[in-house]
Amino acid sequence: GYQAGTSVNNAAAAELTFVGYRAGASVTAGSANTFIGYLCGDEVTTQGGNTGVGAQALGAEAGAHNTALGYAAGNVCVGVDNVLLGSRAGVAMTSANYNISIGKESLKVMTTGDNNVAIGNQAGVATIDVDDAVIIGDGAGAANMDSDADGTVLIGASAGAAITSGAGNTAIGYQAMKTSAHADADYH
4 GYQAGTSVNN AAAAELTFVG YRAGASVTAG SANTFIGYLC GDEVTTQGGN TGVGAQALGA
64 EAGAHNTALG YAAGNVCVGV DNVLLGSRAG VAMTSANYNI SIGKESLKVM TTGDNNVAIG
124 NQAGVATIDV DDAVIIGDGA GAANMDSDAD GTVLIGASAG AAITSGAGNT AIGYQAMKTS
184 AHADADYH
């Protein structure tokens with residue numbers, strides 16, 4: 004595509020595949036990157052091992068070893084070893100690492116959380132910073148969970164939708180802990 008890989012100027016920049024308008028346009032020395040789509044990986048410069056497929060996927064200066072598939076998936080992902088599948092999945096991950104986010108807008112606004120698994124449409128959609136959480140189901144963990152909610156396990160549609168700060172909570176089933184009664188208490 005037009006301007007794809009235009010900045011590659013270093014022998015260390017090897018094993019590269021760029022397809023689409025400005026895909027990988029800023030890569031200078033990063034190796035083993037694959038960017039397919041409009042503006043996909045267009046601001047990545049030196050990091051390697053990234054795979055982005057979709058318009059604006061991994062669009063910013065990505066960290067290393069991230070995989071993003073879908074429109075704007077991981078668009079500002081600077082963390083490492085994230086797997087982001089779905090339209091706008093993990094779109095705001097500025098320093099989040101080792102996360103798996105599958106589903107439209109799953110972990111959409113997360114910036115700093117690590118070691119999380121979110122599966123489902125808008126699973127963990129408003130969460131900015133939580134670690135070691137498992138969020139599975141349509142709209143599960145929909146509130147803004149912060150670092151005080153670390154270790155939370157939510158399984159089921161809308162499960163834990165009200166949890167913002169309760170640590171180590173487990174909610175399993177349709178709409179379990181959806182309302183605020185006990186949602187922010189620890190270990191329920």
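Take the sequence shown: its position 69, counting from 1, is numbered 72 in our numbering, and each next residue is one higher.
We treat Cβ as the ideally placed atom computed from N, Cα and C, and that holds for glycine.
Treat the numbers as computed from the prediction; the structure is a model and nothing was measured.
Please report the distance separating the alpha-carbon of residue i from that of residue j.
| i | j | result |
| --- | --- | --- |
| A179 | S161 | 7 Å |
| S109 | T173 | 19 Å |
| Q59 | S34 | 19 Å |
| D117 | M148 | 13 Å |
| V94 | A76 | 5 Å |
| V47 | H68 | 12 Å |
| A63 | S104 | 18 Å |
| N119 | D132 | 10 Å |
| N78 | I175 | 31 Å |
| G154 | S168 | 11 Å |
| T182 | A146 | 10 Å |
| I158 | N124 | 13 Å |
| D135 | Q6 | 40 Å |
| I139 | L61 | 24 Å |
| V137 | L42 | 31 Å |
Can you tell me where the beta strand (DSSP E) with residue i in it begins and where it stops?
| i | result |
| --- | --- |
| V156 | 156-158 |
| G55 | 54-56 |
| T37 | 37-39 |
| T97 | Here T97 belongs to no beta strand (DSSP E), and DSSP marks it neither H nor E. |
| V22 | 20-22 |
I'd like to confirm the pairing. Which residues does DSSP put opposite residue i in its beta bridges?
| i | result |
| --- | --- |
| I166 | None; I166 has no bridge partner. |
| V86 | T70, I103 |
| T173 | V156 |
Going by Cα to Cα distance, which pick from the options is closest to residue i?
| i | options | result |
| --- | --- | --- |
| F21 | A164, A146, G44, G159 | G44 |
| N100 | L87, R91, K107 | L87 |
| S90 | D84, G73, T115, N102 | G73 |
| G51 | A16, G62, A126, Y5 | A16 |
| V81 | G106, I105, M113, G57 | M113 |
| D151 | G23, A170, T97 | A170 |
| K111 | V120, A126, G40 | A126 |
| G4 | N13, E18, G40 | G40 |
| G142 | A7, N78, T115, A129 | A129 |
| T37 | G159, V156, N124, A65 | A65 |
| A14 | Y177, T31, A71, A121 | T31 |
| T97 | N85, T49, I122 | N85 |
### Query
Going along the chain, which unbroken runs of the beta strand (DSSP E) with 3 or more residues stay wholly within the stretch 101-143?
Segments of the beta strand (DSSP E) lying fully in the stretch 101-143: 103-105, 120-122, 137-139.
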